[in-house]
Amino acid sequence: MAALAEVSAVVAAHLAAAAHLEAGEMILSNTENQQVADAIHRAEIGTSGEILCVLSEADSYYPHVALGWAAAIALLIPYLLWLTGINIGMMMPPGWQPGHWEDAMTIAYHRFGLGYTVLPIALFIVTYGLTLVPPVSRFLTPQRVRRKHVHNSALEQFRAMGLRRTARRTGVLIFVSLSDRQVEVIADEGIYTRVPPDAWADAVAAIITGVKRKEIATGLVEAVERVGTLLATHFPPSAENPNELPDKVIEL
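Here the sequence shown is numbered in my numbering, starting from 31 and rising by one per residue.
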């Protein structure tokens with residue numbers, strides 16, 4: 031597979047202003063979608079490059095991170111309680127002890143065993159469930175894990191939307207993950223060889239500003255314009271200059 035160039039910007043603090051949407055609700059209105067589509071059309075007139083915008087509001091889940099936290103809590107809490115001298119076995123209700131066991135030491139060991147079995151299992155289940163809740167998951171998931179997830183999602187959309195099939199390999203994807211609060215710009219091989227990754231910083235900054243003002247469409251329009259200007263400098267329009275991708279915003 032040909033190499034892809036990419037530039038990522040973590041914008042957690044800036045995208046926190048984005049409102050949470052109900053299932054099935056559009057991120058942009060029809061008017062806003064048309065504004066971005068028109069911006070893409072104008073930008074592509076001056077370049078042979080192709081621009082596509084993808085907005086994702088879908089909550090991201092990190093089950094492997096949830097499993098890690100659940101296992102850590104289930105193991106550490108009983109150990110910390112033991113270190114502090116708290117007898118977990120005494121937390122077990124009297125009804126849990128076998129009635130036919132009369133030896134006090136045997137009963138103590140029984141309750142101790144149940145305590146160190148039931149408590150970790152309960153802690154694991156509760157912690158795992160809580161860490162799957164999207165806001166909690168985002169808070170507990172390391173930034174590098176979230177960055178990798180968004181990067182992989184952007185690459186997946188890059189391939190799925192056909193940006194790798196442009197004639198001159200000059201497709202650019204602007205991917206905004208509102209749930210993970212991150213932005214990625216993915217450029218195809220034809221652009222990678224001539225445009226450094228940090229050249230997309232202005233486009234990312236425009237999206238950040240737009241989201242902070244709760245004007246996502248405005249941010250996307252400005253980002254598209256900046257990407258279009260950059261592409262026009264390095265990739266002027268060809269004689270035919272076909273429009274190889276739809277001029278629109280894809281919402282996930």
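Cβ coordinates follow ideal geometry from the N, Cα and C atoms, glycine included.
From the DSSP output, in three-state form, read off residue i for me.
i, result
"G192", "coil"
"V279", "strand"
"E274", "coil"
"V66", "helix"
"S78", "coil"
"L160", "helix"
"S167", "helix"
"L58", "coil"
"A262", "helix"
"H130", "Unreliable placement is indicated for H130, whose pLDDT of 49 sits below 50; the coordinate value is still reported in the next sentence. In this structure, H130 counts as coil in the three-state DSSP scheme."
Going by other Cβ atoms of all chains shown within 10 Å of its Cβ, with 16 needed for buried, is residue i buried or exposed?
i, result
"S268", "exposed"
"Y92", "buried"
"M68", "The question names Met, yet the displayed sequence has Asp at residue 68. Label assigned to D68: exposed."
"T263", "exposed"
"V66", "buried"
"R176", "buried"
"G159", "exposed"
"E214", "buried"
"R211", "buried"
"G240", "buried"
"T77", "buried"
"K178", "exposed"
"Q173", "exposed"
Compare the beta carbon distance of residue i and residue j with 7 Å and say whether it is the shorter of the two.
i, j, result
"G201", "D228", "no"
"G150", "A104", "The amino acid occupying residue 150 in the given sequence is Pro; Gly does not appear at that position. Cβ atoms of P150 and A104: closer than 7 Å."
"V206", "L111", "no"
"V257", "A233", "yes"
"I237", "G249", "yes"
"L170", "T157", "no"
"I70", "I81", "yes"
"L193", "G79", "no"
"V279", "N63", "yes"
"L208", "E74", "no"
"I107", "L153", "yes"
Give, in chain order, every unbroken run of the beta strand (DSSP E) that is at least 3 residues long and sits entirely within the segment 177–247. If you keep only unbroken beta strand (DSSP E) runs of at least 3 residues inside the segment 177–247, you get 201–207, 212–217.
Is it a yes or a no for the segment 187–204 touching the segment 270–280, going by three-plus beta-carbon pairs under 8 Å? Judged by Cβ distances under 8 Å, the segment 187–204 makes contact with the segment 270–280, as three or more pairs qualify.
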